[in-house]
Amino acid sequence: MITEFENRENIQIFKRASGKIIGLTFAGENYYRDAKEVIKRYNDMRTNLYKSKDCKKGTITIGIPPLVLSAVFSSVLPNLILKNPDINFIIKEIGAYALKSELLLDKVDLAVLLYPERISKNIIDSIEIHSSELALFLSPKHVLAKKQQITWADLHHQKMAIFDQTFMIHHHLKEAFERNNCYPDIVLDSSCWDFLLSAVKTNKELLTILPLPMAELYHSKEFLCRKIESPVPWKVTLCRQRKTVYTHLEEYIFDKLLEAFRPTK
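Note that full-length UniProt numbering numbers the sequence shown so that position 75 is 75, with each residue one more than the last.
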């Protein structure tokens, strides 16, 4: 068989002495090296073929702030879960500020945070999946209700309810207040966005600041939404710890989430 191959290809693969094979020729060594690479690639191809099946099984933990879950993931997440019945999804609803620690301590596989995350890009991968801004929500009876656009000066000394310190929005707002020399009267903070919204609906003196998409999702005559001049951006990012190797399940879910938020052409 070997001699037939050499005769057919008109090349000598093996060195011979006294009718015995004693080694490989230069061409034979190259051929042997290439053959090993082909076999390795074939085995990798077979392995990856079956791993693609296995990547749709297992458990994955995703941290998502409650507000983002409602405003951004209300259709994406249920669709992903329904299409992958063999995957156990654990969803941790935590404010984005607290969620940063969960990601860094490896308590979640993926985390949905707000930009800027203030974590080194050497530590995490971060990809923007949604962009909007923060807006003012108020009762139609509030003194600012007649204004179509709000300035930061309008908010000075106004009674306000905002998210608590476990939320990135809390810290972004505090920075914006300082930057614009605006000091509202923060009468309460909460981790519950629907409580903040209900508070302004039932108290005509109270204001709150939430992401603009909340006005589009929850229409009501009991509150108004007003844009703020020079608003605080609300940019949602999908994040994971930067690693040399990810599990196939982590790669699969990360890619599927990015695909879900990719703009359709």
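We treat Cβ as the ideally placed atom computed from N, Cα and C, and that holds for glycine.
When beta bridges are read from the DSSP output, Y246 appears opposite no residue. By the neighbour-count criterion, in which 16 or more other beta carbons inside 10 Å mark a residue as buried, F195 falls on the exposed side. The beta-carbon distance between L80 and I228, rounded to whole angstroms, is 33 Å. This is too long to meet the 8 Å contact definition.
The beta carbon of A111 sits closer than 6 Å to the beta carbons of G63, L99, L103 and C239 from its chain, once the five residues preceding and following it are set aside; these are given in chain order. For L24, the beta-bridge partners assigned by DSSP are F14. Counting along the chain, the unbroken beta strand (DSSP E) around I162 starts and ends at K159 to F163.
If you draw a straight line from the Cα of R262 to the Cα of V72, it is about 13 Å long. By the C-beta criterion, the stretch 127-144 is judged to be in contact with the stretch 232-248, since at least 3 inter-stretch pairs fall below 8 Å. Burial of A96 is indicated by the presence of at least 16 other C-beta atoms within 10 angstroms of its C-beta. According to the DSSP secondary-structure assignment, C225 is paired through a beta bridge with F137. Here D185 is exposed: its Cβ has fewer than 16 other Cβ atoms, across all protein chains shown, within 10 Å.
Under DSSP, P78 shares a beta bridge with no residue.
By the neighbour-count definition (other C-beta atoms within 10 Å, threshold 16), P140 is an exposed residue. The shortest C-alpha to C-alpha distance from L114 to any of L212, I21, S126 and K107 is the one to S126. For T59, the number of other beta carbons within 10 angstroms of its own is below 16, and it is reported as exposed. In the displayed model, E117 falls within coil according to three-state DSSP, outside both helix and strand.
One thing to note: I209 has its Cβ no nearer than 8 Å to the Cβ of D189. Scanning its chain for C-beta atoms nearer than 6 Å, with the 5 sequence neighbours on each side dropped, one finds around L67 the residues W193, in chain order. Taking a cut-off of 8 Å on C-beta distances, the stretch 171-183 touches the stretch 144-162, as three or more cross pairs fall below it.
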